[in-house]
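Numbering-wise (this note's numbering), the sequence shown opens with residue 1 and increments by one.
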Amino acid sequence: MSRWIDNNLADRLYMVNRISDLKNIDQESVEKDWWVTTVLKALFELSTSKYTYFKGGTSLSKGWNIINRFSEDIDIALYRDFFLIEKGVACARCENNNQIKMLRKASRDFVHGELKNELEKKLESIGFNVKVEAVTTHMTAEGEKPIDHDADPTVLLVHYPSIFNSGHSYVKPVVKIEISCLSMKEPFEVKHISSLISDEFKDDDGETMTDIATISPSRTFLEKAFLLNEEYQRRHPRTLRMSRHLYDLEKLMDTEYARSALQNVLLYTEIVEHRKKFYHVGGVDYSLDMPDKISFCPVGEIQNRFRSDYENMKSSFIYGNPLDFDALLKRLEELQNRFRQMVL
Numbered sequence: 001m002s003r004w005i006d007n008n009l010a011d012r013l014y015m016v017n018r019i020s021d022l023k024n025i026d027q028e029s030v031e032k033d034w035w036v037t038t039v040l041k042a043l044f045e046l047s048t049s050k051y052t053y054f055k056g057g058t059s060l061s062k063g064w065n066i067i068n069r070f071s072e073d074i075d076i077a078l079y080r081d082f083f084l085i086e087k088g089v090a091c092a093r094c095e096n097n098n099q100i101k102m103l104r105k106a107s108r109d110f111v112h113g114e115l116k117n118e119l120e121k122k123l124e125s126i127g128f129n130v131k132v133e134a135v136t137t138h139m140t141a142e143g144e145k146p147i148d149h150d151a152d153p154t155v156l157l158v159h160y161p162s163i164f165n166s167g168h169s170y171v172k173p174v175v176k177i178e179i180s181c182l183s184m185k186e187p188f189e190v191k192h193i194s195s196l197i198s199d200e201f202k203d204d205d206g207e208t209m210t211d212i213a214t215i216s217p218s219r220t221f222l223e224k225a226f227l228l229n230e231e232y233q234r235r236h237p238r239t240l241r242m243s244r245h246l247y248d249l250e251k252l253m254d255t256e257y258a259r260s261a262l263q264n265v266l267l268y269t270e271i272v273e274h275r276k277k278f279y280h281v282g283g284v285d286y287s288l289d290m291p292d293k294i295s296f297c298p299v300g301e302i303q304n305r306f307r308s309d310y311e312n313m314k315s316s317f318i319y320g321n322p323l324d325f326d327a328l329l330k331r332l333e334e335l336q337n338r339f340r341q342m343v344l
């Protein structure tokens with residue numbers, strides 16, 4: 001089968017420009033979407049594949065076609081049964097906090113070691129001599145610091161050769177992969193995945209298509225609301241590239257998946273309890289995720305920072321006709337009222 005990257009440069013540029021015009025997004029974003037899809041397919045062809053689930057915002061666009069947003073990262077759940085069954089790691093039973101901490105360490109070692117090497121070899125076997133980087137540091141309010149050994153998710157970066165040299169500030173020639181050993185795996189369905197290029201030029205890019213286990217939007221919807229509510233409780237809430245969660249919630253709020261989630265008391269409480277048990281971020285009160293207390297609309301200075309981030313995202317990652325920020329906030333206030341009406 002054919003691949004976009006195997007075409008000559010002129011044809012590749014033509015296809016990218018065509019999608020860029022159709023979707024009203026940057027050329028770099030179209031190119032990156034192709035690499036995201038290619039790396040995603042490779043991940044589901046590794047030895048861990050039967051324990052791997054596609055989740056997060058990227059799954060909403062590529063798996064469920066709910067949002068008109070290009071996503072630069074790949075969120076993966078590597079279900080803990082992999083470590084218990086395939087690796088014989090007893091702490092994967094997660095019967096107490098110490099076992100959970102030990103599993104996070106085992107997962108980080110595995111992802112940065114065996115999985116990273118296997119992914120590099122897989123990409124090389126299909127013709128890509130790209131660098132896969134294990135991320136071991138992150139930026140904090142005090143500057144760059146080492147990431148804790150027991151942190152989850154574990155991050156890999158796939159650096160790819162771009163055909164553009166614009167130095168775009170928001171779109172980088174890097175695919176970010178976040179792999180969590182602590183995620184829930186249900187509910188999910190097997191969904192068809194393809195690139196923006198293959199959607200328009202099937203004869204020129206059929207090889208990037210694949211079918212993979214993808215987490216239900218009902219769960220993703222609730223998790224995004226909880227994530228924002230919990231983030232605002234932190235000492236230094238993140239806002240860079242976080243406005244995507246606001247956009248995703250608004251796009252989801254009138255779907256059958258959101259309606260189902262707000263009627264599913266069992267799913268709601270299971271996710272809250274799961275986050276409390278497995279993530280347990282210091283300073284976060286998980287009881288505030290309950291419908292009568294949850295608050296995912298940004299206010300004050302955080303709102304201003306979200307506004308700036310949203311404007312940057314609109315120009316690079318959202319295609320179609322997105323709402324302006326004030327209209328988005330009004331919709332989210334309506335959604336927050338829907339949460340308030342839920343009875344547990």
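Note that CB positions come from ideal geometry on N, CA and C, so glycine has one too.
_Checking 9 Å against the spacing of the C-beta atoms, do residue 291 and residue 340 come in under that value?_
yes
Evaluate residue 281 with the Cβ neighbour count: other Cβ atoms within 10 Å of its Cβ, from every protein chain shown; 16 or more gives buried, anything less gives exposed.
exposed
#### Entry: residue 67 versus residue 75 - alpha carbon distance
16 Å
Exercise. Closest to residue 304 by CA distance: which of 338, 240, 253 is it?
Worked result: 240
Can you tell me the Cβ-Cβ gap for residue 204 and residue 2, rounded? I've got them flagged as a contact below 8 Å. 5 Å
Check your understanding: Where does residue 202 fall in DSSP's three states?
Key -> Secondary structure of residue 202 (DSSP, three-state): helix.
What residues in its chain sit with their C-beta under 8 Å from that of residue 151, if we drop five residues either side in the sequence? 104, 108, listed in sequence order.
Q | Terminal residues of the beta strand (DSSP E) in which residue 192 lies | A | 188–193
Between which two residues does the beta strand (DSSP E) carrying residue 155 extend?
154–159
Quiz item: In terms of residues, what are the limits of the alpha helix (DSSP H) holding residue 102?
Solution: 97–110
What residues in its chain sit with their C-beta under 7 Å from that of residue 123, if we drop five residues either side in the sequence? 42, 130
Own chain partners of residue 18 with C-beta closer than 7 Å, once the 5 adjacent residues on each side are dropped
Excluding sequence neighbours, residue 18 sits near 200.
- Would you check whether the ligand MN has a heavy atom nearer than 8 Å to the C-beta of residue 266? In the structure on display, the ligand MN does not appear, and there are no ligands present to speak of.
- Query: Do you know how far the Cα of residue 228 is from the Cα of residue 289?
  - Reply: 10 Å
*Residues in its own chain within less than 6 Å of residue 102 by CB, not counting five upstream and five downstream?*
91
From the DSSP secondary-structure annotation, give me the bridge partner or partners of residue 140. 143
- Message: Quick check on DSSP: helix, strand or coil for residue 53?
- Response: Assigned with DSSP and collapsed to three states, residue 53 falls in strand.
**Request:** Could you say if the segment 230–247 and the segment 206–217 meet the contact criterion of at least three C-beta pairs nearer than 8 Å?
**Result:** no
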